[in-house]
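A.B. asks:
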Amino acid sequence: MMSLRVPYLTTVKAGTRPPSTSPPTPCLDRSTARFSRRSGSVAVANRVDVIVHPRIHLGLLSMHRESPRLNGGIGFAINGPAAQIETSEAGTLTVRDERSCPMEAAELSQLQGALEGFLISRGMERAASIRIFGDMLTHVGLGSATAIRLGAIEALAILNGCGASRVELVSASGRGGTSGVGINTYFDGGLICDVGKRNEGQPVLPSSRADPSRLPLALPALAMPEWPVLICIPRLIAPKTQEEEIDFFSRTAPLPESTSFEAAYVALFDIYASAAESDYAGFCRGVERMQQTAWKRAERSEYGCALAGIGDALLRAGADCVGMSSLGPLLFCLAAPAQMNAIAQAARLMGCDAHQTTPRNCGREIHCHDA
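Heads up, the sequence shown stops at 1252 in my numbering, and the numbers go up one at a time, no gaps.
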């Protein structure tokens, strides 16, 4: 078995082209392909496993109509709960989601469609049986849709010995049209702040519907300090479906321009700067202030008093800050290591599944299995 923590891919920043001196590796003959760390060539494997990790999305930033740039966002990768994508050569392309709470049939169909389109567009001959399993849940705020789609597409490329640039993988995934956080934490981990994409009159939509042809521009990624993180997933609060998320965007956007100014200020001057300087108190202050921005307040109001009560209980138990990731209902908190067990117990008493984790400063893991 060959394990790769550094990809064989040409990596470029979102919104740029791969350097002309390093073109994507072409598809190789399966009988002769070998992997070389020095040359960057690609071996053909019989099975490829990709382990993908969640991200916490702290908030969208620029949601007013006349903004020069739309959306923008800030968030960071965490180590767990993870998902594994097992991809093996097969006669036909099939996808099975074996997680305890699998994606909806429509989303599974969208994933399969993206994979089929990638196979055809690249002229690849090896179809695959793809199996998804692990503890990363869907539609709770962990970014599973983006991570799993990118992981499956990348595994399919490796299975065929076919090089693809970072931009090509993201384009094939159809993700990243709203926020650049998930598409960048997939490859790099760390803290990502993106400043959105140019406003050309496009509607404000979630990533499942937004046009990904122009990707958000990301600021330099930051390594996150190893601060303990607790994620809390309420068992009695129903997550939003893909269609409900689309409806939320249509009801909520656009916002007044002053709300975008506030969110962008908090993202840069509180959260991003504090992470860069390992300023724990400043980072927690930024997380709490982001909860009071207009877009995040609207997201949290979708769950009413039930979610607010859980957040209050986490603070009473010793959390230094509590936030909601994406459209929730997942809550996360930061606290001193000595407080984590007590906070986790409080979360469970409030009907949550609680997972202790840490920020992740590298991307997905790739394991190639030879014949």
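Think of the CB as a built atom: it goes at the ideal place given N, C-alpha and C, for glycine as much as any other residue. All values derive from a computational prediction rather than experimental measurement.
1. Taking all protein chains shown into account, decide if residue 1182 is buried (16 or more other Cβ within 10 angstroms of its Cβ) or exposed.
2. How long is the line joining the alpha carbons of residue 1226 and residue 970, rounded to whole angstroms?
3. Comparing C-alpha positions only, which one of 1154, 1176, 1170 sits nearest to residue 1132?
4. Are residue 959 and residue 934 close, meaning C-beta to C-beta below 9 Å?
5. For residue 834, count neighbouring C-beta atoms within 10 Å of its own C-beta (all shown protein chains included) and say buried if the count is 16 or more, exposed if not.
6. Helix, strand or coil for residue 1064 per DSSP?
7. Please report the distance separating the alpha-carbon of residue 1236 from that of residue 961.
8. Hey, is residue 1097 close to the ligand SAM, as in C-beta under 8 Å from one of its heavy atoms?
9. Starting from residue 1221, trace the alpha helix (DSSP H) both ways and give me its first and last residue.
10. Tell me whether residue 1251 is buried or exposed, calling it buried when 16 or more other Cβ atoms sit within 10 Å of its Cβ.
11. Here's a check: name, in chain order, each residue in its chain whose Cβ is nearer than 7 Å to the Cβ of residue 1087, leaving out the five neighbours to either side.
12. Below 9 Å between beta carbons: does that hold for residue 1075 and residue 1085?
13. For residue 1139, does the count of other Cβ atoms within 10 angstroms reach 16, so buried, or fall short, so exposed?
14. Note down the Cα distance separating residue 949 from residue 1098, rounded to an integer number of angstroms.
15. Taking 8 Å as the limit between beta carbons, can you name the residues of its chain near residue 1223, skipping five residues before and five after?
16. What does the alpha-carbon distance come out to for the pair residue 1052 and residue 1031?
17. Please go through the region 1061 to 1113 and give each complete beta strand (DSSP E) segment of 3 or more residues, from N-terminal end onward.
18. Should residue 908 be labelled buried (16 or more other beta-carbon atoms within 10 Å of its own) or exposed?
19. Leaving out the 5 sequence neighbours to the left and right, which residues in its chain are closer than 6 Å to residue 1216 when beta-carbon positions are compared?
20. Do the region 1013 to 1026 and the region 971 to 991 meet, that is, are 3 or more Cβ pairs less than 8 Å apart?
21. Do residue 1113 and residue 1233 have their CB atoms nearer than 9 Å?
22. By the 10 Å Cβ neighbour count, where 16 or more other Cβ atoms means buried, how is residue 1151 classified, buried or exposed?
23. Please list the terminal residues of the continuous alpha helix (DSSP H) segment that includes residue 953.
24. Let me check understanding here. Comparing Cα to Cα, which of 1238, 941, 1069 lies closest to residue 1104?
25. Are the C-beta of residue 1108 and some C-beta of chain C separated by less than 9 Å?
26. Quick check on residue 1204: buried or exposed, where buried means 16 or more other Cβ atoms within 10 Å of its Cβ?
27. Helix, strand or coil for residue 940? Go by DSSP, reduced to three states.
28. Beta carbon of residue 1010, beta carbon of residue 977: below 9 Å?
29. Take residue 1047 as the anchor and find which of 1071, 1037, 1064 has the nearest alpha-carbon.
30. Report back the beta-carbon spacing between residue 932 and residue 963 to the nearest angstrom; my notes put them in contact at under 8 Å.
31. CB residue 1028 to CB residue 1241, shorter than 9 Å?
32. With DSSP run on the structure shown, which of helix, strand or coil describes residue 969?
C.D. replies: Walking through what the data contain:
1. Looking at its Cβ environment, which holds fewer than 16 other Cβ atoms inside 10 Å, residue 1182 is exposed.
2. 44 Å
3. For the options 1154, 1176, 1170, the alpha carbon positioned closest to that of residue 1132 is the one of 1176.
4. yes
5. Residue 834 lies beyond the stretch modelled for the chain, which goes from 882 to 1252, so this question has no answer here.
6. helix
7. For residue 1236 and residue 961, the distance between alpha carbons rounds to 8 Å.
8. By its list of ligands, the structure shown contains no ligand whatsoever, and the ligand SAM lies outside what it can speak to.
9. 1221 to 1230
10. Counting of Cβ neighbours within 10 angstroms places residue 1251 among the exposed residues, the total staying below 16.
11. Only 1059, 1126, 1127, 1130 meet the Cβ criterion.
12. no
13. Classification of residue 1139: exposed, given that the 10 Å Cβ count is below 16.
14. 13 Å
15. 1198, 1199
16. 10 Å
17. 1072 to 1075
18. Bear in mind that the predicted position of residue 908 carries a pLDDT of just 31, short of 50, making it unreliable; the figure below should be weighed with that in mind. Answer is buried; the Cβ neighbour count reaches 16.
19. The beta carbon of residue 1216 lies closer than 6 Å to those of 1199, 1200, 1201, 1224 in the same chain, with the five residues before and after it left out.
20. Yes, they touch.
21. yes
22. buried
23. It is not in any alpha helix (DSSP H) - residue 953 instead sits in the beta strand (DSSP E) that spans 950 to 958.
24. 1069
25. Checking the listed chains, one finds no chain C in this structure; it contains a single protein chain.
26. buried
27. strand
28. yes
29. Answer by Cα proximity: 1064.
30. Distance from residue 932 to residue 963 at the Cβ level is roughly 6 Å; contact confirmed, criterion being Cβ atoms closer than 8 Å.
31. no
32. Strand.
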